[in-house]
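Here's the structure we're looking at; comments come further down.
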Amino acid sequence: MIDTKVLREKILDLAMRGKLVPQDPNDEPASELLKRIKAEKEELIKQKKIKRDKNETEIFKGDDGLHYEKFADGTVKKLDVPYELPDGWEWAKLGSYMDVRDGTHDTPKYFDSGIPFVTSKNLGDGKIDFKNVNYISDEDSQKFNQRSRVEAGDILMAMIGTIGKPVVAPKVEFEYSIKNVALFKRLTIEQNSKFIRDYLQYSEKRLRKCASGGNQKFLSLKKLKEILIPIPPSSEQKQIVSVLSDYLSLVECIDSDQNALQQLASQLKQKVLDIAMQGKLVPQDPNDEPASVLLEKIRAEKQRLYEEGKIKKKDLVETEIVKDGDNAYYQNLPDSWEIVPLKNIVNYRIGKTPNTKNKNYWTNHEGFPWISIADMGKDKYIGRTTRKITNKAVEEVFKGIVSPKGTLIMSFKLSIGKTNLLGKNSVHNEAIISIFPYWDNNNVLRNYLYLVLPIISNSGETISAIKGKTLNSKKIDVLPIPLPTIREQQEINTKVMLFLRILEIIS
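To convert a position in the sequence shown, counted from 1, into my numbering, add 7.
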């Protein structure tokens, strides 16, 4: 049985340490956002819309790489932070980053109807339960809302009882008031409320340990303001929120059927890859360079290789995908995508098996890795092989031609569609091909093919070939590849690989 609570915490932990989405050095650093927030806060103080917090501090990183806290009186103290952040991120205290308030702690008179009175009991599952609330008079509500009026985008969090349960306030057509609930208000629209909500969810255990009181735990306003929060660049906050939403939804699917975990993990993997290959896993961006431009780059590279004598003229001939019932699956792809036969975008090489009776070709000692399908496992990279061949075999059988470290390989006989990357320079048998994209940007296309070829080679028009336990070269040539834009390839690779790592943990 899987503890989905632990799994959820692990995903949140990856997100809040900057390991859920790739870092972009071109992103504006969070320090610039903090400067704008500070300026906006000063303006609001000047307009007397908020009060200055005399205890507010500023966090900075010293030349020694350590974090320090500067107080209003000018004193500086070393600050222990929970963990180190990626470049471009900053630590801030919640009281500096947002306008921290709380609802009333009084108990007014209740009525059968009136203004909804939300308490910590009405927070849960990321929502406010307006159906099971008490009602108060308009007069009491106006009094309470003078200091704690809730607006859409504010964050509410239980500060008494079960500490936590943060919620982003929705846009509603009615007024309501809050009791025993913390209220975190944005200072600018640049602040991503959902990211702060996600961090508060991540920090619930720690917050509950900080609470005071006996049976009725309580987190004071002072302690709320002291909460340390990591601030990523604004664009990364949006990505983190989006990816977190995807993965936490999948965790809920896992939680719904513990008894079928292994089957569910397999189905989830298939589903995620299916969604990815239909252009539904990552958002579309009309500013992306379409895949047709990538194909032009591939054609230009193939022409160059031909002129240099590295490929043959037949390799320049392109095959077209014939659309029929077998590949109807790919009919509704995004406009920026293309469907291309594998042959058009990669060169591939079939392996060989040296004569097993020739003792000069095989060795039990230090030798050259020779890969069979038995060596192709669940790990992405192949580091060790069952058998090794001699340098003599490399020269005489393989003519000195080896597949370099990092090459994508795929099985096409017996076990069809297994993919791996080479952990070191290697050769392989004739049931495996080495795949070389003609044009690739930081191995983005290679990594994309690593993910989708197992699905493509076992579906559509390849089914009849699979019955014979093999794919011939003609079938390999025309494997239909749904080709996204380069950016989408990269994001698909990142999202799917993270999800596969999570599946490994749970299964």
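Glycine included, C-beta positions come from ideal geometry on N, C-alpha and C.
Discussion item. Going residue by residue through the segment 181–248, where are the continuous alpha helix (DSSP H) segments of at least 4 residues, counting only ones entirely within it?
Written reply: 200–209, 211–217, 228–232
Item to complete: Measure the Cβ-Cβ separation of L251 and I18 and say whether it is below 8 Å.
Response: Here residue 251 refers to the residue found at position 244 when the sequence shown is read from its first residue. Here residue 18 refers to the residue found at position 11 when the sequence shown is read from its first residue. Closer than 8 Å, so yes.
Worksheet item: Three-state secondary structure (DSSP) at K134?
Response: Position 127 of the sequence shown, counted from the first residue, corresponds to residue 134. Here DSSP, grouped into helix, strand and coil, assigns K134 to strand.
Worksheet item: On the three-state DSSP scale, how would you describe F506?
Response: Locating residue 506 in the sequence shown gives position 499, where the first residue counts as 1. Helix.
Fill in: Nearest-angstrom Cα separation, counted from I352 out to L302
Looking up residue 302 in the sequence shown gives position 295. Looking up residue 352 in the sequence shown gives position 345. Roughly 8 Å separates the two Cα atoms.
Practice prompt. Take the Cβ of R204 as the centre, count every other Cβ of all protein chains shown within 10 Å, and call the residue buried at 16 or more, exposed below.
Written response: Against the sequence shown, residue 204 aligns to sequence position 197. Result: buried.
Item to complete: Rounded to whole angstroms, what's the CA-CA distance from T114 to V140? Just pull it up for me.
Response: Stepping through the sequence shown from its first residue, residue 114 is reached at position 107. Stepping through the sequence shown from its first residue, residue 140 is reached at position 133. Answer to the nearest angstrom: the Cα atoms are 13 Å apart.
Practice prompt. Mind reading off the beta-carbon distance from Y455 to N500? Whole number of angstroms is fine, and I expect it under 8 Å.
Written response: Your numbering for residue 455 matches position 448 in the sequence shown. Your numbering for residue 500 matches position 493 in the sequence shown. For a cut-off of 8 Å, the C-beta gap from Y455 to N500 is around 6 Å, short enough to register as a contact.
Item to complete: Could you tell me whether the Cβ atoms of V107 and A283 are closer together than 8 Å?
Response: Working through the sequence shown from its first residue, we reach residue 107 at position 100. Working through the sequence shown from its first residue, we reach residue 283 at position 276. Not a contact, by the Cβ cut-off of 8 Å.
Worksheet entry | According to DSSP, residues forming a beta bridge with P76 | If you number the sequence shown from 1, residue 76 lands on position 69. One detail in the question is off: residue 76 reads as Glu in this sequence, not Pro. Looking at the DSSP assignment, E76 forms a beta bridge with I66, K84.
Worksheet item: With DSSP run on the structure shown, which of helix, strand or coil describes T501?
Response: Working through the sequence shown from its first residue, we reach residue 501 at position 494. Three-state DSSP puts T501 in a helix.
Item to complete: Check whether the segment 295–312 touches the segment 356–365, taking contact to mean three or more Cβ pairs, one atom from each stretch, closer than 8 Å.
Response: no
Worksheet entry | Burial state of E314, where buried means 16 or more other Cβ atoms lie within 10 Å | One-based indexing of the sequence shown puts residue 314 at position 307. Exposed, since its Cβ has fewer than 16 Cβ neighbours within 10 Å.
Worksheet entry | Selected residue, minimal CA-CA separation from Q291, among S38, P491, V28, N62 | Counting from 1 along the sequence shown, the entry for residue 291 is found at position 284. Nearest C-alpha to Q291: P491.
Discussion item. Quick check on N33: buried or exposed, where buried means 16 or more other Cβ atoms within 10 Å of its Cβ?
Written reply: Locating residue 33 in the sequence shown gives position 26, where the first residue counts as 1. By the neighbour-count criterion, in which a residue is buried when 16 or more other Cβ atoms sit within 10 angstroms of its Cβ, N33 is exposed.
Practice prompt. Using the Cα positions of S120 and F181, report the straight-line distance between them to the nearest angstrom.
Written response: Here residue 120 refers to the residue found at position 113 of the sequence shown. Here residue 181 refers to the residue found at position 174 of the sequence shown. So the alpha carbons of these two residues sit roughly 13 Å apart.
Practice prompt. Determine the extent of the beta strand (DSSP E) in which V485 is found, giving its start and end residues.
Written response: Taking the sequence shown and counting its residues from 1, one reaches residue 485 at position 478. Where V485 is concerned, there is no enclosing beta strand (DSSP E), given that its DSSP letter is neither H nor E.
Worksheet item: Which residues share a DSSP beta bridge with N354?
Response: Numbered from 1 along the sequence shown, position 347 holds the residue referred to as residue 354. N354 pairs with F443.
Fill in: Spatial distance of K100 from K58 (CA atoms)
Position 93 of the sequence shown holds residue 100. Position 51 of the sequence shown holds residue 58. Near 17 Å, if we compare the C-alpha coordinates of K58 and K100.
Item to complete: Rank R213, L428, I66 by C-alpha distance to the C-alpha of L86 and give the top, closest one.
Response: Locating residue 86 in the sequence shown gives position 79, counting from the first residue. Checked all of R213, L428, I66; the closest Cα to L86 is I66.
Worksheet entry | Cβ-Cβ separation, K412 to K431 (assumed contact under 8 Å), whole Å | Looking up residue 431 in the sequence shown gives position 424. Looking up residue 412 in the sequence shown gives position 405. Yes, K431 and K412 are in contact; Cβ-Cβ is about 5 Å, under 8 Å.
Worksheet item: Looking only at its own chain, which residues have a Cβ that is under 6 Å from the Cβ of P93, when we skip the five neighbours before and after it?
Response: Sequence index remark: in the sequence shown, residue 93 carries index 86 (1-based). Here the set comprises G25, Q30.
Practice prompt. May I have the straight-line CA-CA distance separating E16 from Y90, to the nearest angstrom?
Written response: As a working mapping, residue 16 is identified with position 9 in the sequence shown. As a working mapping, residue 90 is identified with position 83 in the sequence shown. Rounded to the nearest angstrom, the two C-alpha atoms are 16 Å apart.
Worksheet item: What residues are listed by DSSP as bridge partners for G171?
Response: As a first step, residue 171 must be located in the sequence shown, where it is residue number 164. Paired residue(s): A165.
Worksheet item: Who are the near neighbours of T326 in its chain, counting only those whose CB is closer than 7 Å to its CB and skipping five residues on each side?
Response: Position 319 of the sequence shown, counted from the start, is the residue given in the question as residue 326. Here the set comprises P348, K350, N351, D484, V485.
Practice prompt. Write down the C-beta distance between K178 and A159 rounded to the nearest angstrom, noting that I regard them as a contact closer than 8 Å.
Written response: Numbered from 1 along the sequence shown, position 171 holds the residue referred to as residue 178. Numbered from 1 along the sequence shown, position 152 holds the residue referred to as residue 159. K178 to A159, Cβ: 4 Å. Contact.
Item to complete: Kindly indicate which three-state DSSP category K278 falls into: helix, strand or coil?
Response: Mapped onto the sequence shown, residue 278 falls at position 271. Secondary structure of K278 (DSSP, three-state): helix.
Fill in: Cβ distance (whole Å) where I6 is taken to contact N465 below 8 Å
It is not possible to answer for residue 6, since the shown part of the chain is limited to 8 through 514.
Practice prompt. On the DSSP bridge assignment, give the partners of S418 in chain order.
Written response: Along the sequence shown, one-based indexing puts residue 418 at 411. I439, per the DSSP bridge assignment.
Worksheet item: Which of helix, strand or coil does DSSP assign to P177?
Response: Sequence index remark: in the sequence shown, residue 177 carries index 170 (1-based). Note: P177 maps to coil in three-state DSSP.
Discussion item. Three or more C-beta pairs under 8 Å: does that hold for the segment 198–212 against the segment 225–245?
Written reply: Flag = yes, the segment 198–212 and the segment 225–245 touch.
Discussion item. Does A37 pass the burial test, meaning 16 or more other C-beta atoms within 10 Å, or should it be called exposed?
Written reply: For the purposes of this step, residue 37 is taken as residue 30 along the sequence shown, with counting starting at 1. Its Cβ being crowded by 16 or more others within 10 Å, A37 is buried.
Worksheet item: Within this structure, are the beta carbons of V248 and K201 separated by less than 8 Å?
Response: Walking along the sequence shown from the start, residue 248 turns up at place 241. Walking along the sequence shown from the start, residue 201 turns up at place 194. Contact: yes.
Worksheet item: Which residues does DSSP pair with A3 in a beta bridge?
Response: As displayed, the chain neither begins before 8 nor continues past 514, which places residue 3 out of reach and without an answer.
Worksheet item: Distance, Cα to Cα, I357 vs S441?
Response: In the sequence shown, counting from the first residue as 1, residue 357 sits at position 350. In the sequence shown, counting from the first residue as 1, residue 441 sits at position 434. Cα to Cα, the separation comes out at about 7 Å.
Practice prompt. Taking all protein chains shown into account, decide if N398 is buried (16 or more other Cβ within 10 angstroms of its Cβ) or exposed.
Written response: If you number the sequence shown from 1, residue 398 lands on position 391. Its Cβ having fewer than 16 others within 10 Å, N398 is exposed.
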